Structure formats: C-alpha cells, structure tokens
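Encoded as structure tokens, the structure appears first; notes follow it.
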Amino acid sequence: MKLNPKIDELLNSFTDGELTTRQQTEVHRLAAHDPQVRQRLKFLQKCKLLLGSLPCAQAPSTMAEDVVAALERKTLLGRLPSPMEQKIGARHLFIRKVLSVAAIIVLVAVLSAVVYVIVTPRRTPQPPNTITARTTPPAVEPIESAPTVVAAGFTGRLELKTSSFIEVDASINRAVADNDLLNCISLSREPDRSEYVLACTPKGLDELLSDLEAIWHNLDSATLSVQTEEFGRPVVVDAVTAPQVLEIASQNTAEKSVEVAKDLAVLNNLAEVLPGKEVLAAASAKTSDFAVTSRIPKPVLTGWPKTIKTSPRRVETKGNVNLVITVLTGR
Amino acid sequence: MTERQTHFARFYGNFAAGFQSESRIKGVAQPFNINSDDTLLVEQCRLGRSAAMERLVLKYQDRIYNVILKICANPDDAAELCQEAFVKVLENIDKFEARSSFYTWLFRIAVNLTLNHCQRSARLQTRSLDASDDAHTENARQMLQDFLSDDSSPDPAAVAQNKELGRIALRALMKLDDVHRTVIVLRDIEGMNYAQIARVLGIELGTVKSRLSRARDNLKDMMENLCNEVESKNRRAAQ
C-alpha cells in the first residue's frame with residue numbers, strides 16, 4: 002500500500018534535511034504512530050546511504066588539456082573569437098583602429114603639405130640686401146618690383162593752377178587750334194575750371210607744349226601726374242615745366258616715362274628746397290641733358306646677381322599720348 | 002597530467018578529495034562547499050587568462066564528470082559531454098550574470114547537455130555500467146535484498162566498501178527514466194539541496210520535492226524487482 006504522496010514528500014524532505022524543526026517533530030510523531038511511515042523512512046535512509054556511497058568517478062586526466070585544445074581548435078576554425086583573447090583582442094582591435102586613424106591623419110597631412118608645396122608659387126630665396134649709392138646711373142635697368150605703365154601707353158594729367166585763368170585758357174585754346182589738334186581733344190569747361198582731354202602723338206604734344214611754354218610764367222603751379230599700373234599711386238612731378246612734360250611723354254616706353262618722371266620729381270623737389278635756384282635754373286636751361294647727367298643716385302638693391310626680366314606686360318607707348326590738361330583758377 | 006595541472010590539482014584537488022573521502026567515510030553525500038574564489042576565477046577567465054580557465058576545469062572536472070556519467074551511463078559519452086560543457090561554459094563566460102553561483106550555472110549547462118544527449122542518443126542503456134557477469138549480479142542482488150530487509154541501522158563504512166552492493170544500486174538507478182535519475186543523482190550523489198536542484202533543472206521547488214519523491218519510489222520498485230528476481234530464482238532452485 003502506497004503512502005499519501007504529500008506524506009511521502011514530507012518523509013523525503015525529512016531524510017534530506019530540508020524540513021523545519023516543527024515539520025521534523027511532525028514526522029517523528031507520524032513515524033511513532035505509523036509503522037508504514039517508519040518503514041518508508043528506513044528505506045529512504047538506506048537508499049540515500051547506498052547512493053551516497055557510490056564511488057566517485059574521476060574525469061580523464063587530460064580533461065583540462067582537451068578543453069583548452071577544443072577552444073583553440075574552435076578559434077582556429079574561426080567559429081568563435083577565442084574567449085582567452087576576447088578582452089585582449091578587443092583592446093588590440095581598439096588600439097589598431099586608433100593607430101590606423103592616426104596613420105591616416107598623418108598621411109593626409111603629409112600629402113597636403115606636398116600638394117601645398119607643389120601648387121603654391123615658389124619664392125626664390127633672396128640673400129640679405131645692402132644699399133649702396135651708385136655713382137653712375139644704371140642704364141635703364143628695370144627693377145622687378147618697379148610699377149609698369151598701363152598698357153594704354155603714356156597716360157598723365159597736367160594740372161595747371163593760375164590766377165590768370167581766362168588768359169591761360171585762351172592761350173591753350175589758341176595753341177590747340179594753331180596746331181590742328183581739335184580732332185584730338187575734347188573740352189569740358191566750367192566757370193573756374195577747364196579740362197582738355199588730349200589723345201595725340203608725341204609730335205603733336207611737342208608742338209602744343211612749345212606754344213604753351215610762353216604761358217608758364219603765368220602759372221601759380223604746374224603738376225604732372227604720370228599714371229602707373231598701380232591703382233592710385235601715380236608719380237607726381239611738382240613744378241613741372243613744359244620741356245619736362247614733353248620729355249616724360251616722349252619716352253619710348255611707358256616704363257621709361259615713369260622712370261624719367263621719378264627722376265624729375267626728385268630733381269624738382271630738390272630744386273625747390275635748395276637756395277639760389279641753381280638747380281632749377283640749370284634744369285630749365287637744358288632739361289634733357291641735366292636730367293640725364295645730374296640724376297640723383299637712387300638706392301639700388303645689390304648683393305645678388307640682378308636678373309633683368311622683361312615684363313611681358315611692358316607695352317611700347319610711342320605714338321600714344323593720353324594727357325588730361327586741367328586749368329584751375331588759383332584763387 | 003601535466004606539471005601545471007598537477008600544481009593546480011594540488012591546491013584545489015586536495016581539498017575536494019579530502020572532503021569527498023570524508024563524506025565517503027560518513028556514507029553521506031553532503032553539499033560541497035563552494036570555494037569563494039569562484040568569482041575571482043570567473044573574472045580572470047573573462048579577462049582571457051588561460052590559467053584561470055584551467056583552474057576552473059581542474060576544480061570541477063571530477064564532479065561534473067561523475068554527475069554526467071551517473072546520468073548518461075557511458076564513460077566515453079560522459080567524457081565528451083564533460084568537455085563540451087566546459088567549452089560551452091568558457092565560451093559563454095561573459096554571459097554569466099552571477100544571478101546564481103557559478104557552480105549552479107556550470108551544473109545547469111552540464112545537466113542540460115546531458116539530458117539533451119540522452120534524449121537524442123539511442124545508445125543510452127543500463128548495460129554500460131552493469132556489464133558484470135551474472136554470477137556477480139546474482140550475488141549483488143542477494144546483498145541488496147539483505148541490505149533492504151535488515152532492520153538494524155547499516156554501517157556507512159561497510160556499505161561504502163561493498164562494491165557489489167553499489168553496483169546493483171547503480172543498476173537500479175540506471176533503470177529509472179532520465180528525469181528521475183537526474184534528480185536523484187543531483188541530490189544523493191552530488192549532494193545539492195532542493196533550491197540548487199531547482200535552479201539547475203529550472204523547475205519549481207515543489208516540483209523538485211514531488212519529482213524526488215516519485216524517483217525514490219520508482220527506485221524502490223526497481224530494487225524490489227531485482228530482489229524478487231533472486232527470490233524467485235532461489236525458489237525455483239529449491240523446487
């Protein structure tokens with residue numbers, strides 16, 4: 002006859018030591034009154050003793066080696082990342098990624114530097130410059146950095162200020178008409194200002210200036226601005242005379258015109274400063290020769306073989322004279 | 002066994018061997034004391050330390066193998082399943098969340114692997130562990146009958162030294178179905194308490210109690226059948 006399953010569970014739990022003290026007391030009470038319970042308890046204890054005394058089998062001695070070998074085999078077959086190297090591998094992978102990114106950045110930087118060196122214009126190294134005074138004027142040696150004249154040819158503005166505005170203006174009109182330059186000139190006139198825009202040959206300018214030379218003693222000031230390629234930086238020759246204007250405008254090239262204008266600007270300024278007006282008188286007497294022979298030495302760059310480069314933009318201005326003559330009242 | 006294995010076995014095996022031999026003397030399988038360094042070993046395994054992995058294997062290999070062998074009843078299969086269990090544990094060591102002890106987690110994996118294997122394998126037979134000859138079997142059956150019918154309290158040391166008795170008890174155990182055999186092995190051989198068994202098998206505590214009760218009831222029937230075979234044989238011989 003089988004025991005009640007609940008009682009049997011209770012007896013099993015009693016045998017396994019899983020009961021509370023109260024439950025154990027209950028089992029003792031049951032066993033004291035019921036021989037079947039007593040018998041069942043005895044069997045359970047014997048059964049437990051019998052199974053517990055079974056020999057413990059030992060694993061094969063190569064178990065640990067086999068496990069490690071199996072893990073390595075799986076790793077080699079690529080079926081899984083090695084658990085031994087999962088953490089280390091992740092760290093190595095991260096380091097490799099960082100190094101790869103760093104290498105790419107360095108490579109891009111180097112390539113950028115190379116491209117920059119190739120693309121940007123190369124500046125030839127210049128040794129330190131010294132400034133010396135040259136006793137003889139250089140033979141029309143174009144300086145690389147000198148401003149070049151605009152391609153349109155000689156372009157300048159002659160500004161004449163006079164207190165005898167009407168007389169001077171009439172003289173100019175007459176000279177234009179006498180030299181048959183009416184087709185080469187456009188006139189704009191205001192009450193105290195007349196502007197003659199002249200586009201002619203150097204010869205025409207020569208004839209015009211020859212006629213205008215007589216009015217020069219009526220002028221309060223005469224200023225010639227020679228236009229250069231550099232915007233807003235004309236060469237200004239103060240106290241310019243008619244022969245000087247002709248000399249500047251009749252140069253073969255616009256660049257030479259600028260050079261001569263510079264020389265004469267220095268000369269005129271110097272003549273104004275020096276007492277006695279000897280220089281100015283000499284300049285007035287024979288401007289061309291004086292301008293050539295007594296040109297004030299300019300600082301020049303030395304210390305490195307000057308390579309004379311001909312600017313591809315240099316334009317012959319012979320035959321192209323653009324001169325704006327502005328007559329202003331001196332009031 | 003390699004030198005390193007020997008080294009670790011000296012540290013971890015001696016304690017286990019000493020404890021188990023003590024249990025043998027008492028004749029009672031008791032819950033094995035889980036070393037507190039399991040957590041440390043697991044952490045080191047997670048860091049990829051192969052030495053820690055070997056230590057874990059060496060620490061638990063005999064107990065895992067013993068349980069698997071008692072369930073599947075085939076030494077070769079047991080060795081293979083044991084190795085597979087350790088490989089699986091070490092592969093998934095990162096997934097161990099420490100909600101239970103490592104010991105429980107390890108046995109859960111091993112027992113599940115073994116039960117799956119038993120369900121798949123048609124080779125699971127009791128023949129593997131009870132292949133002794135008939136003469137020994139008859140003798141053992143007689144010993145079992147005497148053991149069960151004896152009203153006096155048995156001597157645990159004498160029972161432990163009686164190999165014939167153990168063999169027939171094992172034969173009876175192997176006649177149980179897998180589920181009942183597993184719960185008895187975990188309780189009476191491995192020495193787990195009910196809560197640990199519930200966690201390893203993934204069942205409720207009440208289910209453990211009822212399953213254990215039925216398993217022992219069935220085991221009693223198996224033993225009595227074996228004893229009855231001896232009685233009927235003796236009766237036929239007397240006639």
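Here the protein sequences come in this chain order: A and B.
Quick note on numbering: the numbering used here labels position 253 of the first sequence as 254, and the sequence is numbered without any gaps.
Quick note on numbering: the numbering used here labels position 228 of the second sequence as 229, and the sequence is numbered without any gaps.
Just so it is clear, CB atoms sit at the ideal spot from N, CA and C, and this is done for glycine as well.
All of these numbers come straight from a predicted model, not from anything done at the bench.
Between Arg41 of chain A and Leu11 of chain A, the gap from beta carbon to beta carbon reaches 7 Å or more. Near chain B, meaning a CB-to-CB distance below 9 Å, the residues of the segment 42-64 of chain A are Lys43, Phe44, Leu45, Gln46, Lys47, Cys48, Lys49, Leu50, Leu51, Leu52, Gly53, Ser54, Leu55, Pro56, Cys57, Ala58, Gln59, Ala60, Pro61, Ser62, Thr63, Met64.
If you draw a 10 Å sphere on the C-beta of Gly18 of chain A, you find fewer than 16 other C-beta atoms in it, and that means exposed.
For Val115 of chain A, the number of other beta carbons within 10 angstroms of its own is below 16, and it is reported as exposed.
Residues of chain B whose Cβ lies closer than 8 Å to the Cβ of Val28 of chain A do not exist; the shortest such Cβ separation is about 14 Å. Around Val325 of chain A, the same chain offers Arg158, Val198 as residues with beta carbons nearer than 6 Å, after the five sequence neighbours per side are excluded. For Ala71 of chain A, the chain B residues whose C-beta falls within less than 7 Å of its own C-beta are Gln84, Val88, listed in chain order. DSSP, reduced to helix, strand and coil, places Glu160 of chain A within a strand of the structure shown. Residue pairing by DSSP places Arg190 of chain A opposite A:Ser195 in a beta bridge. DSSP places Thr242 of chain A outside any beta strand (DSSP E), giving it a letter other than H or E. Flagged as an interface residue toward chain A: Gly167 of chain B, by a C-beta distance shorter than 7 Å.
In this structure, DSSP gives Ile65 of chain B a helical state, which the three-state scheme calls helix.
Around the C-beta of Tyr117 of chain A, fewer than 16 other C-beta atoms lie within 10 Å, and the residue is accordingly described as exposed.
Considering only A:Ala178, A:Asn184, A:Arg194, A:Arg190, the residue with the shortest C-alpha distance to Leu210 of chain A is A:Ala178. Taking C-beta atoms as the reference points, Met193 of chain B and Leu202 of chain B fail to come closer than 7 Å. With contacts defined as CB atoms closer than 7 Å, Leu91 of chain B and Ala79 of chain B fail to qualify as a contacting pair. Between the alpha carbons of Asn226 of chain B and Leu55 of chain A lies a gap of roughly 20 Å. Distance from Ile65 of chain B to Ala111 of chain B at the Cβ level is roughly 5 Å; contact confirmed, criterion being Cβ atoms closer than 8 Å.
Val116 of chain A is outside the set of residues whose beta carbon lies under 7 Å from a beta carbon in chain B. The beta carbon of Asp35 of chain A sits no closer than 7 Å to any beta carbon of chain B.
At the C-beta level, Gln62 of chain B and Ala53 of chain B stay beyond 7 Å of one another. Apart from the 5 residues on each side of it in sequence, Ala250 of chain A sits with its Cβ closer than 8 Å to the Cβ of Phe155, Gly157, Pro203, Leu206, Ser258, Val322, Leu324 in its chain, given in chain order. Annotation for Gln120 of chain B: Asp179 place their beta carbon closer than 8 Å to its own, counting only its chain and skipping 5 residues before and after. Fully contained in the segment 35-105 of chain A are the following alpha helix (DSSP H) runs of length 4 or more, in chain order: 36-53, 64-77. Annotation: the continuous beta strand (DSSP E) that includes Ile326 of chain A extends over 322-330. In this chain, Val186 of chain B is not harboured by any beta strand (DSSP E), its DSSP state being neither H nor E.
Any Cβ of chain A closer than 7 Å to the Cβ of Ala74 of chain B would place that residue at the interface, and such an atom is absent. His181 of chain B sits buried, since 16 or more C-beta atoms from the chains shown fall within 10 Å of its C-beta.
Remark: fewer than three beta-carbon pairs, one from each stretch, lie closer than 8 Å, so the segment 100-117 of chain B and the segment 211-221 of chain B are not flagged as touching. For Ser226 of chain A, the secondary structure class from DSSP, reduced to helix, strand or coil, is strand. The beta carbon of Glu205 of chain B sits closer than 8 Å to those of Ala199, all from its chain and outside the five residues before and after it, given in chain order. Cβ contact annotation for Ala243 of chain A (same chain, cutoff 7 Å, sequence separation greater than five): Leu210, Leu213, Glu214, Trp217, in chain order.
Under DSSP, Leu220 of chain A shares a beta bridge with A:Thr163.
In terms of beta-carbon proximity, Gln62 of chain B lines the interface with chain A, with at least one pair separated by less than 7 Å. The distance from the Cβ of Asn180 of chain A to that of Glu208 of chain A is about 5 Å, consistent with a contact at the 8 Å cut-off. For Glu225 of chain B, no CB of chain A lies under 7 Å from its own CB, so it is not counted at the interface with that chain.
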